[in-house]
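Chains as they are written, first to last, in my numbering: chain H, 1115 to 1494; chain L, 1115 to 1494; chain A, 1115 to 1494; chain Z, 1115 to 1494.
Protein chains: 4
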Amino acid sequence: MEIDRSLYIEGTLHRATSGNLSVPRFFGKIALEEAVGSTLWDAYGTLPATQEIAGTNGLAVSLDFAQDIASRLNDVPKRLDSMDQSGIGYVIVSLTSPGIEGVFDKANATDLATKVNDEIYANYVQPYPDRFGFFAAVAMQDPAAAAKELERAVKDLGAKGALINGYSNIGSPANYTIQYLDDEACEPFWAKVAELNVPVYLHPRTPPVDQQVIYGNGKYPLLAQAAYGFGVETGGHALRLMVSGLFDRYPSIQIFLGHAAEALPFLVHRTDNRLSTGKSGSDGPYKKSMKYYLRNNFYATLSGIRRLSTVLNTIEEMGEDRVMFSVDYPYESDEDASDWFDYVEGLSSATKEKLAWKNAVRVLNITAGLESYQTDSEFL
Amino acid sequence: MEIDRSLYIEGTLHRATSGNLSVPRFFGKIALEEAVGSTLWDAYGTLPATQEIAGTNGLAVSLDFAQDIASRLNDVPKRLDSMDQSGIGYVIVSLTSPGIEGVFDKANATDLATKVNDEIYANYVQPYPDRFGFFAAVAMQDPAAAAKELERAVKDLGAKGALINGYSNIGSPANYTIQYLDDEACEPFWAKVAELNVPVYLHPRTPPVDQQVIYGNGKYPLLAQAAYGFGVETGGHALRLMVSGLFDRYPSIQIFLGHAAEALPFLVHRTDNRLSTGKSGSDGPYKKSMKYYLRNNFYATLSGIRRLSTVLNTIEEMGEDRVMFSVDYPYESDEDASDWFDYVEGLSSATKEKLAWKNAVRVLNITAGLESYQTDSEFL
Amino acid sequence: MEIDRSLYIEGTLHRATSGNLSVPRFFGKIALEEAVGSTLWDAYGTLPATQEIAGTNGLAVSLDFAQDIASRLNDVPKRLDSMDQSGIGYVIVSLTSPGIEGVFDKANATDLATKVNDEIYANYVQPYPDRFGFFAAVAMQDPAAAAKELERAVKDLGAKGALINGYSNIGSPANYTIQYLDDEACEPFWAKVAELNVPVYLHPRTPPVDQQVIYGNGKYPLLAQAAYGFGVETGGHALRLMVSGLFDRYPSIQIFLGHAAEALPFLVHRTDNRLSTGKSGSDGPYKKSMKYYLRNNFYATLSGIRRLSTVLNTIEEMGEDRVMFSVDYPYESDEDASDWFDYVEGLSSATKEKLAWKNAVRVLNITAGLESYQTDSEFL
Amino acid sequence: MEIDRSLYIEGTLHRATSGNLSVPRFFGKIALEEAVGSTLWDAYGTLPATQEIAGTNGLAVSLDFAQDIASRLNDVPKRLDSMDQSGIGYVIVSLTSPGIEGVFDKANATDLATKVNDEIYANYVQPYPDRFGFFAAVAMQDPAAAAKELERAVKDLGAKGALINGYSNIGSPANYTIQYLDDEACEPFWAKVAELNVPVYLHPRTPPVDQQVIYGNGKYPLLAQAAYGFGVETGGHALRLMVSGLFDRYPSIQIFLGHAAEALPFLVHRTDNRLSTGKSGSDGPYKKSMKYYLRNNFYATLSGIRRLSTVLNTIEEMGEDRVMFSVDYPYESDEDASDWFDYVEGLSSATKEKLAWKNAVRVLNITAGLESYQTDSEFL
């Protein structure tokens, strides 16, 4: 751990600056939105992962960026090395967006989910049980099958829950519909989630092409979509779940949202104010306020977030026990996320410990032996 | 002004509670997103205002709410009385959403804009110059005409700028396209805005019906759209303006965004991080970061916002000189907005003065004689 | 519990203001710095409580204030009624300042401590076990006896710890010395505290008269002393404990400080910076930073504090698990403290629960059956 | 200016960490509590500066520290170099503590003040008018003479105001009294301050030896005094000024306090609450609340402060227009203060500009040509 100790040496003050500040490394961090690729992808005739990865589907990322991502998606030693450099002790991996949700054929999707879960288990969890856990892929094209696969992944492979990339494609590329998670067809899946008592990570996905028009004007495909558009579409998806009464039917269900809960902390009070003008019961069978659901049924991860005031807003709406560090590797850098988090002022040490690993350990029942990590410094 | 003076009477402490806290009224507030109706509407064969007002287009608002809105849109004495009750000294009014933007016929739209501006001037500004100013309506269906009308409204009627409700309909109800403000066709308008040096208030509007599907599942038309969906669509619209290079061509242009800048403060740092992965120049001719534009070319109003942590996040990204109180009357209540603002702790008195009226006076050159209002209390 | 429910009634918004805001009452709060008097006082020939109560020793309080205090110190029904009005469920009482510390005769002090503890137990704890606990009085004039009495009070009377009012007078009124708690003579007491594993509340006391000159210029005895002078003297006393190495010898000892830890959160980082310029070991046998001790060996109560930004500063230095609601009744009003706390924005519900009662229940092992109180509102 | 530009190079993310973060240097900062020595000192037979410099009077600082201070007090090139390294463009210097206040002989004090002001002008201001200004030394032992010298220094030497180190010694070392600034004898001085319309910086000084006992237990002279004790004694001194009615007699007088206004922001609301229990008029002729005076008659500098939450608390009580960067060189390091300030998150750029130089330029009418410094980064 690197501490700027010069201040503690007898009788000296810093009298020169290198324009740098030492980051007091916070070890044992846990990250939860970390993507992996799959060798099984091409065989199923679906969109190869590299085309629809966040920010690239029809958008102009640099070749360097795309190649860097592609190389890191499946390189385990490189991933571990990056974690070690950054003080990240344990990571929950999941299949990268668009994941199973982008597979048009229902049977393919179901089969692929099973194989992907086995592959992730074999490549990450089994060989490195004290470094990796995973969120299972599930084929929501067939919710009953998804429920079954979730149960298998949790009970047989030790999955910590499921990760779902937004809406699912139902049909074929030429003729498909979109299914969101509040669709009645998904009920068997949610019943199983409640029964297994595991969380579901709701992750963004590129909106359907014909709905990208809002943020793309045809002339410049906007990378901004990857940060703003996809994020807020996921926030809207979360609101659909709340309004659908899901959390009244199953009060124990917990949903993880990345990117500081996709701006919901910033806006949720307004959503409640507007909803109050409606005819009771006319816009969904929900019974409580959106703020209530946000702080009882949701957790926020800080994937992609490197701004103190955004984190403070999130903590104030949801409570610090429901906010967790994450990165979104390899689309974000472990190093940048950690340097920012480990240094940032404005959060108490106790708060940082919770965000760094304590909350995740409690919520996901992680037993990877992180207790030996230094948390509170005698000098900080 | 009501102050809880009992604490300052010799030798007493409160020894009973009524469960209420006195609000120390802050007089002379200025509000900027305050909607009015128009008697001219029906004559133009467009969507009557009451159908597409925020939250009602196809959504299930209560009849009471709709009738209350409808009655207040055009009732000047009732509006003034509400302002007086709430310590709001001066208001900038504008034609309610969807405004001119929802008028399909270009000639109608242009003609209507002119007549609406004259009507607002005659009903609000001329009779009450120390209580009302206005933002002009402009028909972006014909940007050159819009530029001309903006100039007339500013120079002849003293308009403080323009208010535009999102995208404009180009065509007919059966066959139309949507034009956002970064469209090249809008250039003459922006050149005029820069020349006149007045702000443009970019206000939400119900997204096109076929794009409402994201937030409405067909079963329950979501009122949440009015708070979340419409808002974030407006934030996306602002990002389009930034990415289009508008503020590089015209560094002086200022855009007002309501609802605490539509969550941009929460997300803007992430947008910058994602944009950095792109091929330089491939996603727009912009030259600076989104954060830079947000704090140099935008102002945030607090219409609909009643949450301290949201305000703090906004102030931290944009600076307190660029944040201003507003209500969104009659869709929100002057009284609720004022009770919340006047009481809220966590903002210095100096900050509150700026948000309440000082920033607006400076930016909009308001000379309504508000200086006599009490700002700093000797006891608070 | 009073919630402003009108916002949730179908289709209405507030359209009038009474200049008041409803306080959403937070039930089951616990308060820890609540003073009681004693009928035993006069018999021991010491300073009567009413002369040296905070703010009155040589200072000009109003007669009304002094009489109100005097009446409330011993009136149990009036105290309970005030608690009920304010949503305070459980209170830890203690003998009012200057307490035993102001008794000059060592034998008297020791004897008085024992009798006061029995009296408090008989009048508060025994008849109302689900409303009152207490911190024991101890005579630090004889630390070995104090240790013995603390043990008796904890084991036989269920005392939750001790409350000590600053320095102790050793000697006689005409000829005395002052003993602070880092004096070597106090070691037996601290060993016992560590053994019993109970906290010690370090409470302010009027500084010795000849040290009041800093804040009193002879012309105007400053009431400001009661807020600023006494408080910062207590903060200094806490720093003495840290520097003396007490928490290195006994890492488990926990000290409670009122008034948001007496400004230590605001200044502690500076104290560490200044200490780093010294010759290691020359100013005390302490081994860690003052910040470390503050967050590992101290708890802050919010007695007398009604300011969000002060609370935020305190939480950031110490963590929200180490901050607790309190009042300082009867010198402060339960009603004012509760109205402020229950309403204040800027703290998450989860944080408020911890400050209100969760932290105290955990730290003091309170089993008063508060679980039935409503904590999280479905509408807030 | 060092910006971490790698994020903006096409298509890359950081994939390694050095454990350091680049500080984006903020140029043109102004610092106001910067001490210089004087060659005249020894000749006047007073306490040599090096003995009573903060933290050394009877306290065990390291020899290295003391020598480093001594060398820097009078070395102008070294001081300028440090400023250049740290992005500090302009500094207001003043004679180091205990300054003139520590000179026992009234005639000596008065004479020394004049000579010190001429010396500072000749060594700092005259040769480097775009780098240095100064606060005049004044001999409060003779307030009428102090008023005269202040006027001379302001009008003839361009002094920006006066800096006074706490109380003054009146008499001889063997037999002296202490005079605080609210003493009636000081009235002629305050009248002149109001007339000249310049601020007075109220700086800490080691409390009189016999009042150090609070923080020194005789065994370990506490360096903590230099941070906590001296600071809070200065806060108490400021409260005396408020309570004395000085700001009612002269509403325009402005006092600068270092160290984030010596914890007054943290405690001032409590001081007001306690004062309200008194007999009106019995504790001073003041007419307003302490909070009112703090935000109308005081400015806070951040000398010695490197903690975001302390700064936020200060800004919330006083407003960001009344808070200014400072260092306390050479007792603190320009480099540490600047690295912290330039990097810290949680303050908007606009706020940082004000703290860094805008407020000081306005309040002290500084015309040193700092406008060319880059303030807002296009990338930050």
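Glycine residues also receive a C-beta, built at the ideal position from the N, C-alpha and C atoms.
If you're wondering where the values come from, they're calculated on a predicted model, not measured in any experiment.
Is it right to say Z:L1127 is buried, meaning 16 or more other beta carbons lie within 10 angstroms of its own, or is it exposed?
-> buried
Please confirm if the stretch 1394-1411 of chain Z is in contact with the stretch 1362-1371 of chain A, defined as three or more CB-CB distances below 8 angstroms between the two stretches.
-> no
Please name the residue in A:L1381, A:V1205, A:F1249, A:R1421 whose C-alpha comes closest to that of Z:S1417.
-> A:L1381
Would you decide whether A:D1270 is buried or exposed? Buried here means 16 or more other CB atoms lie within 10 Å of its CB.
-> exposed
For L:G1433, go through chain Z and note every residue whose CB falls closer than 8 angstroms to its CB, in chain order.
-> S1462, S1463, A1464, T1465
Contact between the stretch 1444-1455 of chain A and the stretch 1197-1215 of chain A: three or more CB pairs below 8 angstroms?
-> yes
For H:G1345 versus L:R1384, is the C-beta distance shorter than 9 angstroms?
-> yes
Exposure of H:N1410, with buried meaning 16 or more beta-carbon neighbours within 10 Å | buried
Mind listing the chain Z neighbours of H:R1139? Cutoff is C-beta to C-beta under 8 angstroms, in chain order.
-> G1133
Going by Cα to Cα distance, which pick from A:E1265, A:I1419, A:G1359 is closest to A:L1469?
-> A:I1419
L:I1419 touches chain Z at which residues, Cβ-Cβ below 8 angstroms?
-> None at all; the shortest Cβ gap to chain Z is about 17 angstroms.
Which full runs of the alpha helix (DSSP H) of 4+ residues lie inside the stretch 1216-1265 of chain Z, going along the chain?
-> 1220-1234
Does the stretch 1216-1224 of chain H come close enough to the stretch 1256-1264 of chain H that 3 or more CB-CB pairs lie under 8 angstroms?
-> yes
Which of helix, strand or coil does DSSP assign to A:V1441?
-> coil
Of all the beta strand (DSSP E) runs that stay within the bounds of the stretch 1347-1395 of chain Z, which reach a length of 3 or more residues?
-> 1369-1371
Below 9 angstroms between beta carbons: does that hold for Z:H1351 and Z:Y1294?
-> yes
Between the stretch 1282-1290 of chain Z and the stretch 1240-1248 of chain Z, are three or more C-beta pairs nearer than 8 angstroms?
-> no
For Z:N1479, which residues does DSSP report across the bridge?
-> DSSP, once it has assigned bridges, lists no residue as partnering Z:N1479.
Proximal residues of chain Z, C-beta to C-beta of L:R1409 below 9 angstroms | S1462, S1463, A1464, D1490
Quick one: using the 10 Å Cβ neighbour count with 16 as the cut-off for buried, is A:S1358 buried or exposed?
-> buried
Close Cβ partners of Z:Y1315 (< 6 angstroms) along its chain, the five nearest in sequence each way excluded | F1249, L1277, F1370
Please confirm if H:E1233 has its CB atom under 9 angstroms from at least one CB of chain Z.
-> no
Use the C-beta contact count for A:R1245: other C-beta atoms within 10 angstroms, 16 or more gives buried, fewer gives exposed.
-> buried
Would you say H:D1189 faces chain Z, with C-beta separation under 9 angstroms as the test?
-> no
At a Cβ threshold of 9 angstroms, is A:L1277 touching chain H?
-> no
Which bits of chain H does L:F1380 rub up against, with CB to CB less than 9 angstroms?
-> A1374, A1377, P1379, F1380, L1381, R1421, S1423, T1424, N1427, T1428
Listed by chain order, chain A residues near H:T1210 by CB distance under 8 angstroms = Near H:T1210 there are no residues of chain A at all, since even the closest Cβ is about 33 angstroms away, more than 8 angstroms.
Just tell me which of A:W1454, A:K1229, A:G1203 has its CA closest to the CA of L:S1132.
-> A:W1454
Where does Z:G1159 fall in DSSP's three states?
-> Residue confidence is low: Z:G1159 scores 48 on pLDDT, short of 50, so the model does not pin down where it sits. Its coordinate-derived value is still stated next. Note: Z:G1159 maps to coil in three-state DSSP.
Who does A:Y1315 pair with in a DSSP beta bridge?
-> A:L1277, A:F1370
Secondary structure of Z:K1143, DSSP reduced to three states = strand
Could you give the distance in angstroms between the alpha-carbon of H:I1206 and the alpha-carbon of A:L1355?
-> 44 angstroms
With distances taken Cα to Cα, identify the nearest neighbour of L:F1090 among L:A1482, L:I1480, L:K1262.
-> Summary: the structure shown does not reach residue 1090 of chain L, with chain L confined to residues 1115 through 1494, and so no result is reported for it.
Got a sec? Which residues, its chain only, sit under 6 angstroms from H:V1475 by beta carbon, not counting five neighbours each side?
-> none
So what does DSSP say about A:N1427, is it helix, strand or coil?
-> helix
Z:F1179 versus chain A: which residues are under 7 angstroms apart at the beta carbon?
-> T1391
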